[in-house]
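The structure appears right after this line, and notes come after that.
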Ligand code: CA
C-alpha cells in the first residue's frame, strides 16, 4: 500500500512518514500543491494525506484538481481549523475524511486503515471484466461462472490488476501495491505470480485477459490496448 503525504510542516511530515513506514506502508512526501499534484498524477497512491495550508496554495484546490483528473484515491484532509464550514467545504470537494490538528498519530493510523478498507471511492464490491468476476468482500473469483481458487497473493495481484484494468502496470507498481514493499529484487516475483495467475484465469479459455506489455509489465483487459 502506497501513501502520499502533502504537508509543508517538516516536523509533522517527518513524524508521519516514520510512523506510516513503521506501520508497513510505502510512503512518499510532497510539501506544495504543485509537488503533490505532480506526484499524485504520476504515481498511483492507495491513500493521500493532505494538509490544507500549503505555501503555494490550499489543499482544497489540490483536492479539487485531483478529483477533476479522476484520481479516486481516498483523501484524508488535515486541518488546523476544525470548524464545520471547513470540513463541509472539503467533503464537498471530494475528501473522504478530515482530521483536526493537533491529533494523535494513533488516531491517524486508525483512520488510514479504515479508508484503505473502504478502497477507492467509486469501487463497488464486485469487479467484472468480460466473464471474469471477483468479489472484493468474499475474495471469490469466477470465470464463465466457474469458481477459481486463488492463493491470497494471487488474489491480491488479480484484484490490483482488475482495479486498473486496461492500464499497463509495471513490475515495480505491482510489487509496491501487492507486496507492500518496493524492493527491486522482488520484481521477479511478479513474473512468477502472473504465470500462476494466467494458468488459473486464462488457460483453456479462448479470450485471454492477462497481457504482457513489452518494456512495461502487465495489463488485464479485453480490448487491444495498451
Ligand atoms: Ca501547513
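In the working numbering, the protein residues as written are 3 to 228. Each residue gets a CB set at the ideal place from its N, CA and C atoms; glycine is no exception.
Consult DSSP for residue i and reduce its assignment to one of helix, strand or coil.
i           : result
residue 95  : helix
residue 145 : strand
residue 34  : coil
residue 2   : Residue 2 is absent from the structure shown; the chain starts at 3 and stops at 228.
residue 166 : coil
residue 224 : coil
In or out: residue i buried (at least 16 other Cβ within 10 Å) or exposed?
i           : result
residue 152 : buried
residue 8   : buried
residue 178 : buried
residue 1   : Residue 1 is absent from the structure shown; the chain starts at 3 and stops at 228.
residue 205 : exposed
residue 99  : buried
residue 208 : exposed
residue 140 : exposed
residue 104 : exposed
residue 13  : exposed
residue 117 : buried
residue 160 : buried
residue 48  : buried
residue 32  : buried
residue 26  : exposed
residue 113 : buried
residue 211 : buried
residue 53  : buried
Which one or two residues does DSSP pair with residue i in a beta bridge?
i           : result
residue 134 : 131 and 145
residue 172 : 219
residue 29  : 5
residue 150 : 143
Unbroken alpha helix (DSSP H) runs of length 4 or more, entirely within the region 36-114: which are they? 61-70 and 86-95
List in chain order: all unbroken beta strand (DSSP E) runs of 3+ residues lying wholly within the region 193-220. List check, beta strand (DSSP E) in window: 212-215.
Using the beta carbon as the reference atom, which residues fall closer than 5 Å to any heavy atom of ligand 1, ordered along the chain? 10, 53 and 55
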